[in-house]
Structures are given as structure tokens and as C-alpha cells.
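Residue numbers (the working numbering): 7 to 219.
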């Protein structure tokens with residue numbers, strides 16, 4: 007049960023008022039890019055921690071990372087430079103979403119030589135050919151772009167924070183909501199003051215003020 011956010015096309019393509027498990031039982035099994043990337047990422051982090059602690063079999067997890075990370079390239083489309091989100095049981099690749107690109111960049115999975123191209127295409131305009139990400143996973147998009155593009159990416163992140171959250175301020179919001187669109191999302195059930203909408207505080211503290219969390 008891999009549920010990431012509510013953007014159109016991400017499995018299970020549902021909303022807060024839907025019987026999620028009922029939908030999932032009707033879908034053909036797929037291989038999923040995002041957990042593949044995170045599996046590699048977590049294995050690599052465990053290896054780093056064990057190495058720092060000088061305890062445990064860090065090499066085992068390093069090998070696991072090195073085995074799994076290249077599998078992410080099975081989702082890569084050389085034609086347009088984006089990663090597909092899914093591969094179905096017949097080997098057909100489908101679905102291209104900002105969320106998927108963001109997680110691959112954040113996890114630094116697959117072939118890193120592709121990442122700058124992915125990031126630049128994704129941020130060039132809202133009309134980038136991908137299913138749009140939501141505020142819930144902005145951290146992965148923002149930090150993924152920074153990892154791929156360095157200071158160029160960071161400057162874009164500052165600008166995007168202004169565009170998204172500045173717009174809300176000028177629309178009269180006194181707190182940042184769970185989703186763009188505020189109370190209109192989820193049949194008036196969306197939170198109007200939400201934790202993950204505080205992503206700007208995290209980014210400014212980490213990268214501008216350089217305060218550790």
C-alpha cells in the first residue's frame with residue numbers, strides 16, 4: 007500500500023473520502039519507482055550510520071544500496087528525460103509525475119548524470135508534462151532540486167516558495183493550508199493550518215540561516 011499524495015495519477019488515485027483498499031484490490035500489480043528509490047536510499051543511510059558508529063555490518067547495506075539503486079534506471083525515459091512512476095506486470099511503463107522525479111532526486115538514486123536534466127525540465131514551467139506535486143511532498147521536490155542543481159536549484163526554491171505561499175498571503179490566508187486551494191479541497195474538509203505547509207520555515211532555516219534541525 008504505497009500512498010504518497012493526492013495528485014492525479016498517483017496510486018491509488020483517490021481522495022480522503024474513498025475506500026482506498028477497495029480501489030487497490032482492483033488494480034493490477036505494479037513495480038513502483040518511489041519505494042525502489044527509497045529502499046536504496048535507506049540502505050545507504052544505514053551503511054553510513056553503521057560506519058560512523060564503527061558497529062555492525064555496514065558493508066552489507068552498502069552492497070544492498072549498490073544493488074538496488076541502479077534498478078531505478080528501469081523507469082527512466084531517455085526520450086524526454088523523465089522517470090516513469092510505474093511498471094505493470096507486462097513490463098509496460100506508465101505515469102510521469104513530479105512526485106516521482108522529486109523522490110528520485112532526493113534519494114540520489116539511479117544514474118546521477120540524469121538528475122540535472124530531470125530537475126531543469128521539471129522546474130522550467132508549470133507546464134512540464136508531469137502530474138503536479140502537492141504541498142505534502144514539497145520537501146522532496148525542493149531538496150531534490152537543490153541536490154541536483156546546487157545554488158541554481160536553491161535560488162529556484164526561494165522563488166517557488168514566494169510564488170506558492172506568497173500568493174496565499176495576497177489571497178488573504180492568515181495561515182498556510184494543507185493543500186493549494188485551501189478549504190475547497192476534500193469537500194471542505196482540508197486543514198487550513200497544516201504542518202507540512204511550514205516547508206518554507208524548514209528551507210529558510212536550513213539553507214539561508216544555516217541552523218541545524
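C-beta: ideal position from N, C-alpha, C; glycine also.
Which residue wins for smallest C-alpha separation from residue i, given the options the options?
{"i": "residue 143", "options": "104, 158 and 129", "result": "104"}
{"i": "residue 212", "options": "132, 158, 164 and 196", "result": "164"}
{"i": "residue 119", "options": "215, 190 and 82", "result": "82"}
{"i": "residue 64", "options": "37, 50 and 179", "result": "50"}
{"i": "residue 199", "options": "67, 171, 145 and 209", "result": "171"}
{"i": "residue 70", "options": "85, 52 and 206", "result": "52"}
{"i": "residue 77", "options": "42, 214, 68 and 15", "result": "42"}
So, helix, strand or coil for residue i, using DSSP?
{"i": "residue 137", "result": "strand"}
{"i": "residue 117", "result": "coil"}
{"i": "residue 10", "result": "coil"}
{"i": "residue 36", "result": "strand"}
{"i": "residue 103", "result": "strand"}
{"i": "residue 72", "result": "helix"}
{"i": "residue 3", "result": "Any answer about residue 3 is impossible in this case: the structure gives the chain only from 7 up to 219."}
{"i": "residue 22", "result": "Caution is warranted here: a pLDDT of 48 is assigned to residue 22, below 50, making its placement in the model unreliable, and the coordinate value is therefore given only provisionally. Here residue 22 sits in coil by DSSP."}
{"i": "residue 67", "result": "helix"}
{"i": "residue 179", "result": "coil"}
{"i": "residue 130", "result": "coil"}
Between which two residues does the beta strand (DSSP E) carrying residue i extend?
{"i": "residue 94", "result": "92-94"}
With a cut-off of 8 Å on the beta carbons, I'd call residue i and residue j a contact; round off their distance for me.
{"i": "residue 182", "j": "residue 204", "result": "7 Å"}
{"i": "residue 184", "j": "residue 197", "result": "4 Å"}
{"i": "residue 39", "j": "residue 89", "result": "6 Å"}
{"i": "residue 47", "j": "residue 108", "result": "With 8 Å as the limit, residue 47 and residue 108 do not qualify as a contact, their Cβ atoms being about 13 Å apart."}
{"i": "residue 112", "j": "residue 146", "result": "4 Å"}
{"i": "residue 123", "j": "residue 150", "result": "With 8 Å as the limit, residue 123 and residue 150 do not qualify as a contact, their Cβ atoms being about 13 Å apart."}
Name the two residues that bound the continuous alpha helix (DSSP H) containing residue i.
{"i": "residue 175", "result": "173-176"}
{"i": "residue 157", "result": "157-167"}
{"i": "residue 208", "result": "205-209"}
I want to know whether the region 51-59 touches the region 93-101 - three or more CB-CB distances under 8 Å. No, because fewer than three Cβ pairs between the region 51-59 and the region 93-101 fall closer than 8 Å, the two stretches do not touch.
Are at least three pairs of beta-carbons, each pair with one atom in the region 142-157 and one in the region 119-132, less than 8 Å apart? Counting C-beta pairs closer than 8 Å gives three or more between the region 142-157 and the region 119-132, which meets the contact rule.
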